[in-house]
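**Student:**
Protein chains: 2
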Amino acid sequence: MSEGPARILGIDPGSQVTGFGVVDRVDGQIVHVAHGTVRSRAEASPAGRLGDLYRTLCEVIEAHHPDVASVEQVFVSRSARSALILGQARGVALAALGAAGLPVHEYAPTRIKQSVTGSGRAAKIQVQRVVRRRLELSATPAADAADALAAAICHAQAGVIAELGVRSRVRPRGRGRGPVVRVRRAP
Amino acid sequence: MSEGPARILGIDPGSQVTGFGVVDRVDGQIVHVAHGTVRSRAEASPAGRLGDLYRTLCEVIEAHHPDVASVEQVFVSRSARSALILGQARGVALAALGAAGLPVHEYAPTRIKQSVTGSGRAAKIQVQRVVRRRLELSATPAADAADALAAAICHAQAGVIAELGVRSRVRPRGRGRGPVVRVRRAP
Chain A
56 MSEGPARILG
66 IDPGSQVTGF
76 GVVDRVDGQI
86 VHVAHGTVRS
96 RAEASPAGRL
106 GDLYRTLCEV
116 IEAHHPDVAS
126 VEQVFVSRSA
136 RSALILGQAR
146 GVALAALGAA
156 GLPVHEYAPT
166 RIKQSVTGSG
176 RAAKIQVQRV
186 VRRRLELSAT
196 PAADAADALA
206 AAICHAQAGV
216 IAELGVRSRV
226 RPRGRGRGPV
236 VRVRRAP
Chain B
56 MSEGPARILG
66 IDPGSQVTGF
76 GVVDRVDGQI
86 VHVAHGTVRS
96 RAEASPAGRL
106 GDLYRTLCEV
116 IEAHHPDVAS
126 VEQVFVSRSA
136 RSALILGQAR
146 GVALAALGAA
156 GLPVHEYAPT
166 RIKQSVTGSG
176 RAAKIQVQRV
186 VRRRLELSAT
196 PAADAADALA
206 AAICHAQAGV
216 IAELGVRSRV
226 RPRGRGRGPV
236 VRVRRAP
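For the record, the sequence lines run as chains A and B.
For the first sequence, position 125 (counting from the first letter as 1) is numbered 180 according to this note's numbering, and the numbering increases by one without interruption.
For the second sequence, position 34 (counting from the first letter as 1) is numbered 89 according to this note's numbering, and the numbering increases by one without interruption.
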């Protein structure tokens, strides 16, 4: 199997804070490029916050030109209300990735933790520490940025595993050419 | 109280189909401008569909220059999984409205039905028929477009009611100036 794209953008969408992390896979090594968080200001309206999130993620994509994106699958054992609110931020992140034409891979949270720390039940702080050490960062990344970097690392490792001939559960998804829009205007 | 903005964009976000409807409020009359639906093509990826939805709604906003948006509040008694999926489409719609700087008003489904048909429990087909008659449309609009037009009509009528000095539950929301973005790059 081919190694696939080399620059991976991980996203950890959240209703308050969205983390992002960019890594390169170079000759089987995973190298840090950038990471950060997008935090909406409390005084913005819900729509204004989501609009800001979309634009900021477009700027991240524009700045780093990733080849592929990796996003955590959502754990939906929470309430319908919180699932709706989380879904809103997640939809905006996916829309920004989709509009940029990036293939999006999704991984279960346990798979990401397993891939990065060796345990599917690792605590947040463990993920932060392992990500810091693994990417040789000078400081511990914020939890949401660490989760985004972990998603990117997970995808990078899935590619390495695929090269070794081990069965991978990564499922690339195709891109659409455009929606069907039906409009009726006043005569 | 002032009459407020005159061109209203109603949106009915859905995981498969999103409806939109534009009306003008002119001298207390509500006049149809346009309506339609955005339907994602089945072969597009989830992210690709959401990206298409965002771009299409931006085109609708660009084409019609609404002053304000009206969106149905979500009824979350359904499952967390469907709330998440619906939330994704809803987040994209709100992001497009927010990025365009539109104030977004939200109304409960029963309030929209009550406002348009006189009954908070009206069936979908009743909403479609009343919207058609009310806006003097030559054909019955699709259910999602009719719901979007109904949301726009509801907001237009809330403004009229406000003018009459009746207490209104419309709550304008402010706009944010921009998110807080923290980025760490590789040195």
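Beta carbons are placed, not taken as given, at the ideal position from N, Cα and C, and that holds for glycine.
Quick check on the burial criterion: 16 or more other C-beta atoms within 10 angstroms. Buried or exposed for residue 120 of chain A?
**Tutor:** Looking at its Cβ environment, which holds fewer than 16 other Cβ atoms inside 10 Å, residue 120 of chain A is exposed.
**Student:** Below 8 Å between beta carbons: does that hold for residue 154 of chain B and residue 145 of chain A?
**Tutor:** For residue 154 of chain B and residue 145 of chain A, no; Cβs fall outside 8 Å.
**Student:** Between residue 140 of chain A and chain B, is the shortest Cβ-Cβ distance under 8 Å, so that the two count as touching?
**Tutor:** Residue 140 of chain A counts as touching chain B.
**Student:** Counting pairs of beta carbons, one from the segment 189-203 of chain A and one from the segment 72-83 of chain A, are three or more of them closer than 8 Å?
**Tutor:** In short, these stretches touch, since the Cβ pair count reaches three.
**Student:** Please classify residue 168 of chain B as buried or exposed, where buried requires at least 16 other C-beta atoms within 10 Å of its C-beta.
**Tutor:** Answer is buried; the Cβ neighbour count reaches 16.
**Student:** Taking a contact to mean a Cβ-Cβ separation below 8 Å, would you say residue 196 of chain A touches residue 212 of chain A in this structure?
**Tutor:** No, the pair does not count as a contact, with Cβ atoms beyond the cut-off.
**Student:** Bridge partners for residue 84 of chain B per DSSP, in chain order?
**Tutor:** According to DSSP, which records beta bridges pairwise, residue 84 of chain B is partnered with B:81.
**Student:** Taking Cβ-Cβ distances shorter than 7 Å, what residues in chain A pair up with residue 154 of chain B?
**Tutor:** Per Cβ cutoff of 7 Å: 106, 109, 110.
**Student:** Going by beta carbon distance, what residues of the same chain come within less than 6 Å of residue 113 of chain A, once the five residues before and after it are set aside?
**Tutor:** Result list for residue 113 of chain A: 151, in chain order.
**Student:** Mind checking who residue 125 of chain A pairs with in its DSSP beta bridge?
**Tutor:** Answer by DSSP bridge pairing, in chain order: A:65, A:160.
**Student:** Please list, in chain order, all residues of the same chain as residue 47 of chain A whose beta carbon is under 6 Å from its beta carbon, the five residues on each side excluded.
**Tutor:** This structure leaves residue 47 of chain A out entirely; chain A is present only between 56 and 242.
**Student:** Any heavy atom of the ligand NAD within a distance shorter than 7 Å of the CB on residue 202 of chain B?
**Tutor:** Of ligands this structure carries none, so the ligand NAD is not represented either.
**Student:** Using a C-beta cutoff of 8 Å, does residue 103 of chain B count as contacting chain A?
**Tutor:** Yes, its Cβ sits closer than 8 Å to a Cβ of chain A.
**Student:** In this structure, does DSSP put residue 94 of chain A in helix, strand or coil?
**Tutor:** Correct three-state label for residue 94 of chain A: strand.
**Student:** In this structure, how does DSSP classify residue 155 of chain B when only helix, strand and coil are distinguished?
**Tutor:** Residue state, collapsed to three classes: coil.
**Student:** Can you pull the chain A neighbours of residue 144 of chain B, defined as C-beta to C-beta under 7 Å?
**Tutor:** Here the neighbours are 146.
**Student:** Going by the CB atoms, is the gap between residue 124 of chain B and residue 64 of chain B shorter than 8 Å?
**Tutor:** Yes, they are a contact pair.
**Student:** Have a look at residue 83 of chain B and residue 185 of chain B and give me their C-alpha separation to the nearest angstrom.
**Tutor:** Cα to Cα, residue 83 of chain B sits roughly 18 Å from residue 185 of chain B.
**Student:** Since residue 85 of chain A and residue 180 of chain A are thought to touch, with beta carbons under 8 Å apart, how far apart are those beta carbons, to the nearest angstrom?
**Tutor:** Not a contact, Cβ separation roughly 21 Å.
**Student:** Out of B:108, B:178, B:131, B:166, which one is the CA nearest neighbour of residue 147 of chain B?
**Tutor:** Per the Cα distances, B:108.
**Student:** Look at residue 163 of chain B and residue 142 of chain A and say whether their C-beta atoms are less than 8 Å apart.
**Tutor:** No.
**Student:** If I measure Cβ to Cβ from residue 69 of chain B and keep anything under 8 Å in the same chain, skipping five residues before and after, which residues do I get?
**Tutor:** Closer than 8 Å at the Cβ level, and outside the excluded window around residue 69 of chain B, lie 141, 144, 199.
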